[in-house]
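These protein sequence lines are chains A and B, in that order. Counting along the first sequence from 1, when you hit position 39 you're at 39 in full-length UniProt numbering, and nothing is skipped either side. Counting along the second sequence from 1, when you hit position 257 you're at 257 in full-length UniProt numbering, and nothing is skipped either side. Glycine is no exception: its CB is placed at the ideal position from the N, C-alpha and C atoms. Notes follow once the structure below has been shown.
Protein chains: 2
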Amino acid sequence: MPKDRTISRLRGELHRLQEQMRKAEPTKPPQKLAVKPSQPTIYVITPTYTRFVQKAELTRLAQTFLHVPQLHWILVEDSPHKTPLVSGFLASSGLAYTHLHTPTPRDRKLQEGDPSWLKPRGAEQRNEGLRWLREDRRGQPGADTQLGVVYFADDDNTYSLKLFEEMRGTQRVSVWPVGLVGGMRYERPVVEAGKVVRFHTGWRPSRPFPLDMAGFAVSLKLVIANQDACFDGDAPMGFLESSFLQGLVTMDELEPKAENCTKVLVWHTRTEKPKMKREEALQKQGLGSDTAVEV
Amino acid sequence: MPKDRTISRLRGELHRLQEQMRKAEPTKPPQKLAVKPSQPTIYVITPTYTRFVQKAELTRLAQTFLHVPQLHWILVEDSPHKTPLVSGFLASSGLAYTHLHTPTPRDRKLQEGDPSWLKPRGAEQRNEGLRWLREDRRGQPGADTQLGVVYFADDDNTYSLKLFEEMRGTQRVSVWPVGLVGGMRYERPVVEAGKVVRFHTGWRPSRPFPLDMAGFAVSLKLVIANQDACFDGDAPMGFLESSFLQGLVTMDELEPKAENCTKVLVWHTRTEKPKMKREEALQKQGLGSDTAVEV
């Protein structure tokens with residue numbers, strides 16, 4: 001317990017340091033506290049869209065990312081413009097981030113009542129994140145420009161902190177199990193003698209890469225070397241990940257992480273859509289919740 | 001951006017400090033790093049039960065709590081014994097915690113298929129947390145023994161970090177809005193001239209305290225001064241919070257937080273129960289997921 005308490009206190013200390021920094025004038029950065037980055041940056045690309053639980057989801061996701069050193073969040077809204085909710089949220093998040101937006105074309109969009117598997121969601125937004133990354137690198141010459149890892153993190157999944165340390169050393173494409181996905185306890189690459197030889201999945205194991213979006217990361221170098229690799233929003237159900245990966249890597253080259261793919265470090269959790277029956281009833285009486293209060 | 005980058009680096013620095021501490025021998029605590037606690041401890045009581053999403057939920061909740069200085073987590077399993085999953089999870093969480101367990105009596109337990117509102121969940125577990133707190137204090141004399149705040153945090157909600165700073169100054173009972181609860185965008189106490197005068201809720205506003213479990217915190221002092229205050233597991237639907245609060249406080253005494261209850265800092269999110277159809281089908285063929293892999 002004394003160790004735990006010391007950790008608690010340390011966090012308080014960091015908090016105070018951060019408050020100091022926030023209050024410090026921009027012309028006087030606390031140079032003494034700065035530490036040189038010694039590890040590849042993890043670029044996390046997250047598609048997001050407006051819905052009741054959006055701010056809640058982004059809140060807990062940001063809390064995860066705040067624990068990860070050298071992380072840059074690329075949040076891409078499925079919207080014709082940046083929304084005030086997301087802009088305000090990011091500005092106060094304490095994270096290094098890039099805020100992008102691009103609307104999904106109407107014919108590719110899920111309609112109210114469509115089952116979630118009917119059309120892949122977030123393809124255009126992930127591609128927009130990739131476009132930004134490639135363009136941003138072009139303007140920054142130097143040896144370290146291509147040092148980094150790209151991960152696609154949806155805003156409703158659950159990520160352990162260990163996952164980010166596992167993916168940080170990605171050379172080309174690294175892979176690991178994903179929990180609670182595809183009607184299974186987990187899906188995972190099956191590893192023999194250090195190589196991925198097949199996939200444990202409940203559906204069409206013959207797909208080129210039967211992996212969930214949360215189950216792989218790609219080196220920035222590989223993303224830049226393959227300017228055309230992107231997600232095909234018209235890919236058949238379950239082939240979205242393959243549409244991106246098959247231009248980048250072969251099964252033989254995959255780098256198994258998480259103790260040869262035996263540990264579950266990410267879960268495909270899904271958040272229920274909240275019911276709004278009473279809200280609607282009260283609104284009809286003019287007694288609904290104040291729309292000026294952000295939820 | 002330079003500030004954001006410095007924050008990223010700082011987090012890395014803290015991480016390294018923590019690694020140093022973990023590796024340090026227990027007989028040589030890094031005294032120089034220790035900072036005296038200057039604020040009340042927040043005791044968070046969380047009921048939890050075995051289910052597919054349990055580890056995922058606890059993972060993101062722990063990541064939230066790791067950001068909060070001086071927090072002590074009292075995790076109470078609805079179980080006749082402590083489970084290895086929760087024990088292992090807590091031991092590696094990095095949090096100060098107490099691990100308890102108590103089973104809900106069979107006649108009070110929800111059955112498969114029951115709607116979640118039929119019976120209140122977690123009453124016995126919250127009472128067990130209160131019992132531990134009162135007993136623990138008894139053995140620790142001193143002026144600071146009763147300095148603290150008690151909060152009941154279910155394992156599926158979403159908590160902003162600001163919420164904990166709001167509740168830390170609780171004198172008796174503090175209150176604030178809860179998002180996405182009760183079929184509403186939010187429920188909240190309505191504040192006039194600094195006092196709670198009524199409640200914005202979609203259902204039975206005449207209840208003694210029409211508040212969600214996530215919408216209030218109680219000072220440790222008040223919990224100790226009222227040894228009999230507890231949750232009534234037989235309370236009618238929606239009256240569980242009232243069964244505890246009505247022995248402690250009057251509406252007039254409630255302390256509104258979150259800018260006079262105008263900001264939503266906690267969301268009553270609910271996680272979908274994952275479907276396991278393919279897992280079951282594969283199990284019948286002897287091809288199910290390895291049960292030795294913890295999910």
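Any beta-carbon of chain A closer than 8 Å to the one on B/Tyr186?
Closer than 8 Å: yes.
How is the alpha helix (DSSP H) around A/Val295 delimited, first residue to last?
No alpha helix (DSSP H) contains A/Val295, which DSSP labels as neither H nor E.
Just how far apart, CA to CA, sit B/Gln283 and B/Leu245?
So the two alpha carbons sit approximately 48 Å from each other.
For B/Leu282, which residues in chain A fall below 7 Å Cβ to Cβ?
Those within 7 Å of B/Leu282 in chain A are Gly202.
From the DSSP secondary-structure annotation, give me the bridge partner or partners of B/Ser174.
Answer is B/Ala217 and B/Glu255, bridged to B/Ser174.
Assuming A/Cys261 and A/Val175 make a contact with CB atoms under 8 Å, what is their CB distance in whole Å?
Sure, about 7 Å apart at Cβ, within 8 Å.
Please report the straight-line C-alpha distance between B/Ala214 and B/Phe65, rounded to a whole angstrom.
Using only the alpha carbons, I get a separation of about 15 Å.
Who are the Cβ neighbours of B/Glu25 in its own chain at under 7 Å, not counting the five residues just before and after it?
Note that B/Glu25 scores 38 on pLDDT, short of 50, meaning its location in the model is unreliable and no value can be drawn from it.
Is there a C-beta anywhere in chain B that falls below 8 Å from the one on A/Met276?
Cβ-Cβ to chain B under 8 Å: yes for A/Met276.
Report the rounded CA-to-CA distance for B/Pro208 versus B/Ser242, giving the unit in angstroms.
Between B/Pro208 and B/Ser242, the C-alpha separation is close to 6 Å.
Could you run through the stretch 46-75 of chain A and flag, in chain order, every residue whose CB is less than 9 Å away from some CB of chain C?
Absent from the structure is chain C; the protein chains it does hold are A and B.
Which residues in chain B sit within 7 Å of A/Glu279, going by Cβ to Cβ distance?
In chain order: Gly183, Met184, Arg185 and Gly202.
Taking its Cβ as the centre, do 16 or more other Cβ atoms sit within 10 Å of B/Ala229, making it buried, or is it exposed?
Classification of B/Ala229: buried, given that the 10 Å Cβ count is 16 or more.
If distances are taken between C-alpha atoms only, which option among A/Val197, A/Leu58 and A/Val86 comes closest to A/Thr250?
Ranking A/Val197, A/Leu58 and A/Val86 by Cα distance to A/Thr250 puts A/Val197 first.
From this set, B/Ser92, B/Pro80 and B/Ser79, which residue's C-alpha is nearest A/Leu161's C-alpha?
The candidate whose alpha carbon is nearest that of A/Leu161 is B/Ser92.
Between which residues of its own chain and A/Leu118 is the CB-CB distance below 7 Å, once the five residues before and five after are set aside?
Closer than 7 Å at Cβ, skipping near neighbours: Leu110.
Taking Cβ-Cβ distances shorter than 8 Å, what residues in chain B pair up with A/Arg270?
Ordered by position in chain B, the residues that pass the 8 Å Cβ test against A/Arg270 are Thr271, Glu272 and Pro274.
Within a Cβ cutoff of 7 Å, which residues of the same chain sit near B/Phe231, ignoring the five residues on either side of it in sequence?
Only Ala123, Arg126, Asn127, Leu240, Ser243 and Phe244 meet the Cβ criterion.
For A/Gly94 and A/Gly88, what's the separation of their Cα atoms in angstroms?
Cα to Cα, the separation comes out at about 12 Å.
Comparing alpha-carbon positions, which option in B/Leu75, B/Phe52, B/His200 and B/Gln171 lies nearest B/Glu279?
Selected option, being the one with the closest Cα: B/Phe52.
What residue range is occupied by the uninterrupted alpha helix (DSSP H) comprising B/Leu85?
Here the alpha helix (DSSP H) through B/Leu85 covers Pro84 to Ala91.
Taking its Cβ as the centre, do 16 or more other Cβ atoms sit within 10 Å of B/Met237, making it buried, or is it exposed?
Counting Cβ neighbours within 10 Å, B/Met237 comes out exposed, since fewer than 16 surround it.
8 Å is my cut-off, CB to CB: does A/Thr170 come that close to chain B?
Judged by the 8 Å Cβ criterion, A/Thr170 is not in contact with chain B.
Roughly how many whole angstroms lie between the Cα atoms of B/Pro177 and B/Leu163?
Near 10 Å, if we compare the C-alpha coordinates of B/Leu163 and B/Pro177.
For B/Val190 versus B/His200, is the C-beta spacing smaller than 8 Å?
It is a contact, given that the beta carbons lie within the stated cut-off.
Which residues, in order along the stretch 98-123 of chain B, keep a beta-carbon less than 7 Å from a beta-carbon of chain A?
Of all residues in the stretch 98-123 of chain B, none has a Cβ within less than 7 Å of some Cβ in chain A.
For a cutoff of 8 Å on Cβ pairs, would you count B/Thr262 as touching chain A?
Chain A contact via Cβ: present.
Report yes or no: is there a C-beta of chain B within less than 8 Å of the C-beta of A/Ser206?
A/Ser206 does not count as touching chain B.
Alpha carbon to alpha carbon, how far is B/Gln140 from B/Arg134?
Approximately 10 Å, taken between the alpha carbons.
Kindly say whether A/Lys32, judged by its beta-carbon, lies nearer than 8 Å to any beta-carbon of chain B.
Unreliable placement is indicated for A/Lys32, whose pLDDT of 46 sits below 50; the coordinate value is still reported in the next sentence. False, the Cβ-Cβ gap to chain B never drops below 8 Å.
Taking just the CA atoms, how far does B/Gly113 sit from B/Val293?
Computed Cα separation, rounded: 28 Å.
Would a C-beta distance cut-off of 8 Å place B/Ala217 and B/Met167 closer than the cut-off?
Cβ atoms of B/Ala217 and B/Met167: closer than 8 Å.
With distance defined between alpha-carbon atoms, name the residue in A/Asp155, A/Pro47, A/Pro256 and A/Arg108 nearest to A/Asp234.
With distances taken between Cα atoms, A/Asp234 lies closest to A/Arg108.
Check each candidate in B/Trp73, B/Gln63 and B/Thr59 and name the one with the smallest Cα separation from B/Leu85.
Considering only alpha carbons, the answer is B/Thr59.
According to DSSP, is A/Arg188 helix, strand or coil?
Of the three classes helix, strand and coil, the one that applies to A/Arg188 here is strand, per DSSP.
Under 8 Å by Cβ, that's how I've got A/Gly194 and A/Tyr186 pegged, so tell me the actual separation to the nearest angstrom.
The pair is not a contact, with the Cβ atoms about 20 Å apart (cut-off 8 Å).
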